[in-house]
Structure formats: structure tokens, C-alpha cells
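**Student:** The structure follows.
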């Protein structure tokens, strides 16, 4: 966090977002021309937003909030929880499931069209990594094994034009990041591999057997991860997993411990400029989980809210696009709430269901509640609201017609 943002007054809390589902192919529909003598029923009147979501009844749906109109892209689709947006912001890649297969698709947010990228008849887990400056997507899949490990799989590179090539990896099963030097960071259960995207030539390799939740900074220069191992809790008379936070370079070298296992670090989130890392930890002084921010430049950690001012758990931070604010879930006795820290006070945005979904822009939050979806500005006003009947995948500002 930049020094100016170390003060509690600059942070804000948002809510946890929920379910998701997605994709299919379809051409954007044109609204019919209205008779000149009377207002058209579909005259744009809502906010300039598009929503992508799935419902049990309709499958994958693209909704135009301006005209309050929807169209089904893939009947019977259910969101598969994996998504990534290209560096240009134009393309959204995501995975979804149908009754008999798992799919990877790419949505062009400008033209509102969807194209299929990959499909597997057996249940698989996808992972995604966009090139840092080009519209090229690296993706991998693996078949989950009964033991919970990564089974058979492969790594590919594709483009929005549909040109897909097999990287040729014999060991890698998951893609983590496309590094600034052009390499791909990949892994399997045992090792992290930095490889060439053309032929999977190994450029670096490190032991990853105890590396969990590996999360690269957006610049690809740093890697944060949870180091897991079992430690014996004499009071509980059982083994408990260690969860120390480590930070290393892009190739897993020069690792340093940031927090020990007693803090139970969770939910690592990098700021867009990669200068800060947010997460939630257990704080003995407050008795709650709290959002903490580690600044790479100063090598210091600060809490979003001072422990003496904390009365409820804070969890699952999510940075705004500029890194000026952090959205998170406030777990109160009345249920989880969306909140924001402004001028030394915590402002609540109402009930939320699930985890913080995301930001439309630096001043607008997407807040899924128990029975509705709300798009709210930081001043607390509701820009858009809709009954939430399924799993939300993505919300974005749509280019003017």
C-alpha cells in the first residue's frame, strides 16, 4: 500500500461475492426500432452495465442492464469458478460445466460474443494465465485424482482468433502466470516449473510439495504462497496444518517468511501495481481475523483497522482497480456485511452472500446479497439492483451503443 493509503481512512470494505457460471456462443441481438409516434419499450433507461451469470433454469445468460434484456448463451450451463481477464480488458476467459462435459470459453466484452476454447468429456480443472501485454491465453487442465492430487493433463496457448497450440509439457498440470520474460510459471503436485511457452523447455524448477495457494504479483516479479506442514497441537491432541506466509522471486528462489503459522494467513490478494499484498490473519490482540497489508517497499505490515477498533472478523480482501481501496467481508453477529473504512470509520453496505465479487471501477462495488445483486457506489447509493437467481460470473461497464 502506498504511504498515503496506510491510513485507515483510505480503505473500504465491500462484500463477498457469490456463485458463478458461464459461457456459450451467440451473436449480439439488435433491439427492434420503435415507432416514431410512441416510446420504445426497450429504450435504454438503466445503467451502462453488462452482467454474465448462470441460473438453473436458463443456463449461461448475458444481461444488458441498459435495456433490462437477457439472452441465453449456453442452455444448461453452470459456472465452474475459474475466470481471468486479458491485459487489454477486452476478453474474459472462464470455465463452465454442462451435464456431460467441462468447457473453457472466451467472451469478447466489446462485441458481446462468445467462442469455445476447449472442452473435455471427463471432469477437469482448468487454470488460466493471460500474456502480460498481448491477447494470448495460456491454459492448462488436469483430471482430479481420487487422492486429491492432479491427474493427467496438459498445457496450451490460444488466441482470440482460435489459434491453439499444445505447449508440450509432460509434467506440468497447472499454469500459474505468464511471466514478463515470456516464460510460463506452471506446476504439478511436486514441483513448480518455469518453462518456455513454445516447447515447455524448463528454465527453472523448485520443490513445491508444501506450496499452497501460490499467487503471483500482477507484474510477475514476486510469488506469494502458503507453506503447509503438519504441527502437533498438544492442547487439541491433534496435528494441525501450518500456514506460514512466504514471499519469493518469480522462480521460487530467495523465499522469506512474512508471517508464521500462528497467524493462520488466508486469501492472498495483490494490488494491481504489485506494491502491496493483502490477506486476512488471526490477531490475538483483537481476538478476530483482520485484513493486513504487506508493503514490499517498506517491508512493513499494517492492519486495515487498528485491533482496538475491531469488533468483528474481516476476511477475503479484494483490491479496487487502482489499488486505492480494499473490499472485504465483515462477519457480524447479524450475518456477513459489506463495509468500507472511510475517515476512520467502518461504513457498512448491507448483507452479502458468499465472497466479495469485484469492482466495476474504482468507486463502484458489486455486492451480491442473500436475495439480490446490488451495484453500489462508495457513497452508499445503489446504481443497479436485480434479483439474484443464480451464480454471478462477471459485471462490467459496457461501451455506449
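Residue numbers (this note's numbering): -9 to 391.
C-beta atoms are modelled at their ideal positions from N, C-alpha and C, and glycine is treated no differently.
Since we're looking at a predicted model, the values are computed, not measured.
Which residues does DSSP list as the beta-bridge partners of residue 143?
**Tutor:** 132
**Student:** Rounded C-beta distance between residue 108 and residue 129? I'm assuming under 8 Å.
**Tutor:** 7 Å between Cβ atoms; contact.
**Student:** Could you tell me whether the Cβ atoms of residue 249 and residue 235 are closer together than 8 Å?
**Tutor:** yes
**Student:** Is the number of C-beta pairs between the stretch 224 to 231 and the stretch 239 to 248 that are closer than 8 Å three or more?
**Tutor:** no
**Student:** With H, G and I counted as helix, E and B as strand and the rest as coil, what does DSSP make of residue 212?
**Tutor:** strand
**Student:** Can you find at least 3 beta carbon pairs, one from the stretch 346 to 365 and one from the stretch 308 to 319, that sit closer than 8 Å?
**Tutor:** Yes: the two stretches touch, three or more of their Cβ pairs being nearer than 8 Å.
**Student:** List the endpoints of the continuous beta strand (DSSP E) containing residue 166.
**Tutor:** 164 to 168
**Student:** By the three-class DSSP mapping on this structure, what secondary structure does residue 80 have?
**Tutor:** coil
**Student:** Residues bridged to residue 175 by DSSP?
**Tutor:** DSSP output for residue 175 lists 167 and 184 as bridge partner(s).
**Student:** For the candidate residues 122, 95 and 300, whose alpha-carbon lies nearest to that of residue 116?
**Tutor:** 95
**Student:** If you draw a straight line from the C-alpha of residue 75 to the C-alpha of residue 82, how long is it?
**Tutor:** Taking the CA atoms as reference points, residue 75 sits about 4 Å from residue 82.
**Student:** Within its chain, find whatever has a CB closer than 7 Å to the CB of residue 208; leave out the 5 residues flanking it on each side and keep chain order.
**Tutor:** 260, 262 and 264
**Student:** Which of the three DSSP states, helix, strand or coil, is assigned to residue 56?
**Tutor:** coil
**Student:** When you compare the CB positions of residue 380 and residue 43, do they come within less than 8 Å of one another, or not?
**Tutor:** For the pair residue 380 and residue 43, the CB atoms are nearer than the 8 Å cut-off.
**Student:** Roughly how many angstroms separate the alpha carbons of residue 279 and residue 223, rounded to a whole number?
**Tutor:** 20 Å
**Student:** Spatial neighbours of residue 352 within its chain, please: CB distance less than 8 Å, with the 5 preceding and 5 following residues excluded, ordered by chain position.
**Tutor:** 310, 311, 312, 314 and 315
**Student:** Check this for me: beta carbons of residue 164 and residue 154, under 8 Å apart or not?
**Tutor:** No. Outside cutoff.
**Student:** Since residue 242 sits in a beta bridge, which residues does DSSP pair it with?
**Tutor:** According to DSSP, residue 242 shares a beta bridge with no other residue.
**Student:** When you compare each of 346, 292 and 63 to residue 105 by their alpha carbons, which one comes out closest?
**Tutor:** 63
**Student:** Look at the Cβ atom of residue 294, then the Cβ atom of residue 331, and state whether they are nearer than 8 Å.
**Tutor:** yes
**Student:** Express the C-alpha separation of residue 48 and residue 206 in angstroms, rounding to a whole number.
**Tutor:** 36 Å
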